[in-house]
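> The numbering of the sequence shown is the UniProt record's numbering, which starts it at 1 and goes up by one.
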Amino acid sequence: MPCSYWTVMVPIFGLFVGSFANVLICRIPKGEEWVRTPSHCMTCGHRLAWFELIPVVSWLLQGGKCRACKSPVSLRYPAIELINALLWLICVLVFGVSAFLPVSLAASTCLLVLSVIDWETREIPDGIQLFLLAVGLVWNGYALWAGLDIWLSNLIGFFAVSVPLLIIAVATKGGMGGGDIKLTAVCGLILGWQRSLLSLALAAILGTIVMLPRHIAEKRDRNSEIPFGPFLASGIFLSMCFGEVFLKWYLSFF
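1. Answer with buried or exposed for P11, where buried requires no fewer than 16 other C-beta atoms within 10 angstroms of its C-beta.
2. S239 and L206 - do their beta-carbons sit closer together than 9 Å?
3. Thinking C-beta only, is V113 closer than 9 Å to P230?
4. CB-CB under 8 Å to S4, same chain, minus the five flanking residues each way: which ones, in chain order?
5. With 16 as the cutoff for other CB atoms within 10 Å, does W249 come out buried or exposed?
6. Scan the segment 99-185 and note each continuous alpha helix (DSSP H) run of 4 residues or more that stays entirely inside, going in chain order.
7. From S108 to C241, what distance separates their C-alpha atoms?
8. Just to check my reading of the structure: I236 and S199 have Cβ atoms closer than 8 Å, yes? What is that Cβ distance to the nearest angstrom?
9. Report the residue from P213, I156, A204, M176 whose alpha carbon sits nearest the alpha carbon of A185.
10. If you follow the alpha helix (DSSP H) that K248 is in, where does it begin and where does it stop?
11. Any contact between the segment 92-101 and the segment 50-69? By contact I mean 3 or more CB pairs, one from each, below 8 Å.
12. Quick one: give me the first and last residue of the alpha helix (DSSP H) that L53 is part of.
13. In three-state DSSP terms, what is H46?
14. Going by DSSP, name the residue or residues bridged to residue 295.
15. Determine the burial state of V8: buried for a count of at least 16 other Cβ atoms within 10 Å of its Cβ, exposed for fewer.
16. Over the uninterrupted alpha helix (DSSP H) stretch that includes E218, give me the two end residues.
17. Hey, how far is the Cα of M1 from the Cα of F131?
18. Spatial neighbours of W34 within its chain, please: C-beta separation below 8 Å, excluding the five flanking residues on both sides.
19. Please classify V103: is it buried, with 16 or more other beta-carbons within 10 angstroms of its beta-carbon, or exposed?
20. Using a Cβ-Cβ cutoff of less than 7 Å, which residues in the same chain neighbour W151 once the five nearest sequence positions on both sides are dropped?
21. Would you mind working out which of A171, V161, Q129 sits nearest A204, comparing C-alpha positions?
22. If I'm right that L202 touches D180 with Cβ under 8 Å, what's the distance once you round it to whole angstroms?
23. Hey, how far is the Cα of R195 from the Cα of C110?
24. Determine the direct distance from the alpha carbon of S252 to that of H40, and round the result to whole angstroms.
Here it is in structure tokens:
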């Protein structure tokens with residue numbers, strides 16, 4: 001099928017997966033079951049009908065309110081759906097219809113989910129990490145089978161960032177969260193060591209740009225806890241999709 005078909009269908013499917021991402025974001029931190037329990041209003045418990053589950057469209061048609069109790073439905077729901085669709089569009093444009101495309105799509109949604117959860121709870125769910133680990137192992141298994149010469153780089157990537165961060169965490173007695181360390185390890189299996197290092201650099205830059213002005217404006221203590229997961233996830237996504245561009249640009253100075 002022509003590439004234009006996939007550039008349309010992949011983001012559309014991404015909207016629906018984004019709707020599922022909302023379920024994970026809402027239920028995982030509360031320890032709620034998220035597989036069999038039907039979607040429902042978080043205020044009144046109204047079970048949502050199929051026409052209330054159409055990504056973005058249902059929210060717009062209902063005026064951002066529950067059809068039953070008229071309670072406001074957060075703008076975050078359509079926002080997550082649209083962001084996930086955008087991430088999937090970027091992935092299909094960058095990787096095309098390739099063996100790595102499903103890997104990038106799965107990783108993108110996982111990174112989005114854990115970013116929101118970490119921002120709100122300061123915790124990165126182990127379940128998301130385990131799923132990313134499974135994705136990385138399957139990808140490397142395929143790479144070995146297909147004769148792709150990337151498995152060694154990916155194996156090194158598992159340790160390239162996670163070990164230094166672990167050392168920092170031990171030395172500072174908690175200066176780096178365990179979830180962040182595990183995230184760099186499992187994503188290293190997907191990125192390889194060069195892009196893993198790049199992802200950490202990008203995360204540090206993004207974190208500084210976003211959080212430093214906020215700390216100054218709010219006069220926060222220098223020891224205030226910062227959710228690093230969203231910035232780390234952003235760095236991983238950028239490195240995954242545009243790592244080669246960043247690395248070529250950086251090496252052009254030498």
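Don't be surprised by glycine CBs; every beta carbon is placed ideally from N, CA and C.
Based on what the coordinates show:
1. buried
2. no
3. Contact flag unset, no.
4. none
5. Exposed is the call here.
6. 101-121, 126-146, 151-160, 162-171
7. Using only the alpha carbons, I get a separation of about 10 Å.
8. 5 Å
9. Taking only the C-alpha atoms, the option nearest A185 is I156.
10. Residue range 229-251 is occupied by the alpha helix (DSSP H) that includes K248.
11. no
12. Run containing L53: none; DSSP gives neither H nor E here.
13. coil
14. Nothing in the structure corresponds to residue 295, since the chain is present only between 1 and 254.
15. Exposed.
16. 193-218
17. With a pLDDT of 47 at M1, under the threshold of 50, the modelled position of this residue cannot be trusted; read the value that follows with caution. Each residue's alpha carbon lies about 30 Å from the other.
18. V23, L24, R27, I28
19. Its Cβ being crowded by 16 or more others within 10 Å, V103 is buried.
20. N140, A143, L144
21. V161
22. With a Cβ gap of about 14 Å, L202 and D180 do not count as contacting.
23. When rounded, the distance between both Cα atoms is 18 Å.
24. 53 Å
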